[in-house]
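Here the structure comes first, spelled out in structure tokens, and everything after it is commentary.
Residue numbers (our numbering): 1121 to 1341.
Here it is as structure tokens:
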């Protein structure tokens, strides 16, 4: 049996996003694991927050980010004209420069890693849509927990910083190990960036999916 096509990879290589299947409803397109299909079901205003995150970032980026691509420059603000570049950049932010040098991680892998870091249990059969919904739920729950959650995060961050501080004070060998560790981390996924992107996608996807389902129920009724 042939291997299933990685549509995200094909889009990232410059292929046009696959057209929506005539037998797929908008709700079904929004439930897809294929990010290009999902974003194609978004309206222009729904894509605005995601594009803004990608073009207005204020830290080190790839050599040719979305805002420098020809598709973006000539797109006239029509985000659908550069969906392949949007998909490519999100996958790039979620990949490691060395480990994933030959092929950036799929969007599914990017979301799954964010779930793992957030201690959200998912399986190989969990859809990307469900992963995103679990992340949104986790975020809402965390907000309701207030300062106790923030305190836990702060302690974890402080502990990580302490480990690096220990490396610095252990002498030249420690300094070398700390530098190597920092460099390896810098070459890895940028979870701040992917987290913002995934949450922007998740919130818009859930909102549009609910509206699409309501429309379908009205037609059936």
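Cβ atoms here follow ideal geometry from the backbone N, Cα and C, with glycine treated the same way.
Owing to the predicted nature of the structure, the values given are computational and were not obtained by experimental measurement.
- Secondary structure at residue 1195: coil, using DSSP grouped into helix, strand and coil.
- Cβ-Cβ distances below 7 Å link residue 1173 to 1316, 1317 and 1320 in the same chain, with the five nearest sequence neighbours on each side left out; the list follows chain order.
- Cβ-Cβ distances below 7 Å link residue 1150 to 1158, 1161, 1325, 1328, 1329 and 1332 in the same chain, with the five nearest sequence neighbours on each side left out; the list follows chain order.
- A Cβ-Cβ distance of about 33 Å is found for the pair residue 1216 and residue 1164, leaving them out of contact under the 8 Å criterion.
- Residue 1247 carries a coil assignment under DSSP once its states are collapsed to helix, strand and coil.
- Taking every protein chain shown into account, the CB of residue 1203 has 16 or more other CB atoms within 10 angstroms, so this residue is buried.
- Judged by beta-carbon spacing, residue 1314 lies within the 8 Å limit of residue 1230, meaning their Cβ atoms are closer than that value.
- For residue 1187 and residue 1194, the gap between their C-alpha atoms comes out near 10 Å.
- Between residue 1334 and residue 1252, the gap from beta carbon to beta carbon reaches 8 Å or more.
- The beta carbon of residue 1145 sits closer than 8 Å to the beta carbons of 1332 and 1336 from its chain, once the five residues preceding and following it are set aside; these are given in chain order.
- Judged by their CB atoms, residue 1255 and residue 1238 are nearer to each other than the 8 Å cut-off.
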